[in-house]
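K.L.:
Quick one: the structure is below, questions incoming.
Numbering (the numbering used here), first residue to last: 18 to 111.
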């Protein structure tokens with residue numbers, strides 16, 4: 018069974034205290050995909066947290082994956098992550 022986006026949000030809020038967080042469930046776009054048979058969902062996460070300061074992109078992704086560890090692989094099959102600090106996100110929007 019796929020994870021509820023609210024569950025993903027709760028776990029990420031607890032672990033990383035983001036100032037901005039969006040979780041998009043893209044599972045419907047992957048219907049029929051081999052991974053969909055396991056019931057795990059496909060999600061796209063945008064997360065902004067100052068906990069990412071000084072961390073590489075790989076380290077940031079590890080932090081997100083660690084926060085969601087209990088949901089892999091049974092509830093999450095695929096996860097796309099965009100992780101920024103507040104400053105990076107603000108300069109991206111300018």
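Even glycine gets a Cβ: it sits at the ideal position worked out from N, Cα and C. It should be emphasised that the depicted structure is a prediction, and the values quoted were computed from it without experimental measurement.
According to DSSP, residue 59 sits in a beta bridge with which residue or residues?
P.N.:
DSSP, once it has assigned bridges, lists 95 as partnering residue 59.
K.L.:
Compare the Cα-Cα distances from residue 99 to each of 78, 30, 42 and 91 and report the closest residue.
P.N.:
It is 78.
K.L.:
Using alpha carbons as the reference points, say which of 29, 37, 97 and 84 lies closest to residue 107.
P.N.:
Ranking the options by Cα distance to residue 107, first place goes to 37.
K.L.:
In the DSSP assignment, find the alpha helix (DSSP H) that holds residue 103 and state where it starts and stops.
P.N.:
Here the alpha helix (DSSP H) through residue 103 covers 103–110.
K.L.:
Since residue 37 sits in a beta bridge, which residues does DSSP pair it with?
P.N.:
DSSP output for residue 37 lists 65 as bridge partner(s).
K.L.:
Which partner residues does residue 100 have in the DSSP bridge list?
P.N.:
Note: residue 100 sits in a beta bridge opposite 64.
K.L.:
Would you call the CB atoms of residue 82 and residue 25 closer than 8 Å?
P.N.:
Going by C-beta atoms, residue 82 is not nearer than 8 Å to residue 25.
K.L.:
May I ask you to list the residues that DSSP assigns as paired with residue 42?
P.N.:
60, per the DSSP bridge assignment.
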